[in-house]
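Enquirer: First the structure, then my questions, so here it is.
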Amino acid sequence: MPFILISHLLVSLTSPAPATTCMVCSTFKKGKCKAGKGNCTVEEGPGCRTRDIFYFNIRDGWRYNHTQLDCSTECKSWKLIRGDLKVSSFCCEGQEFCNKYKGKSLYWKPR
1 MPFILISHLL VSLTSPAPAT TCMVCSTFKK GKCKAGKGNC TVEEGPGCRT RDIFYFNIRD
61 GWRYNHTQLD CSTECKSWKL IRGDLKVSSF CCEGQEFCNK YKGKSLYWKP R
């Protein structure tokens with residue numbers, strides 16, 4: 001019996017990680033995908049990426065504009081500020097569509 005358990009562990013350690021399906025949307029805004037809706041699959045690697053896009057203006061400061069959803073094999077959480085553009089990126093893995101409806105647009109409220 002111990003041999004079977006050890007054999008099972010060896011098999012599970014050497015099997016490839018299951019693929020993860022992610023939501024794709026090039027312009028996700030006000031709770032809906034406005035453009036580029038689809039799915040993608042990550043065979044190996046970090047998984048589903050969510051990027052929130054902000055623009056700066058003098059009156060309001062940083063204002064949320066939209067979110068982009070996709071797959072990434074080199075996904076890391078990061079923040080980029082270049083001029084009046086700010087991009088915040090984060091990732092999730094191991095669960096189907098883990099980036100679905102994430103980001104600032106989920107919490108969007110009209111002014």
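Position 70, counted from 1, in the sequence shown is what the working numbering calls 70; the numbers after and before it change by one each time, with no gaps.
Even for Gly, the Cβ is constructed at its ideal location relative to N, Cα and C.
(1) According to DSSP, is N57 part of a helix, a strand, or is it coil?
(2) Does the beta-carbon of D60 have 16 or more other beta-carbons within 10 angstroms, so that it is buried, or is it exposed?
(3) Once DSSP output is grouped into helix, strand and coil, what is the label at T21?
(4) Using alpha carbons as the reference points, say which of A19, F97, Q68, S89 lies closest to G36.
(5) Kindly indicate which residue of D52, T20, N39 has the alpha-carbon position closest to the one of K30.
(6) How would you call F28, buried or exposed, if buried means at least 16 neighbouring beta carbons within 10 angstroms?
Expert: If we stick to the structure as given:
(1) The three-state secondary structure of N57, taken from DSSP, is strand.
(2) By the C-beta density criterion, D60 is exposed, having fewer than 16 other C-beta atoms within 10 angstroms.
(3) Strand.
(4) Ranking the options by Cα distance to G36, first place goes to Q68.
(5) Checking every option, the nearest Cα to that of K30 belongs to D52.
(6) The residue in question, F28, is buried, as its Cβ has 16 or more Cβ neighbours within 10 Å.
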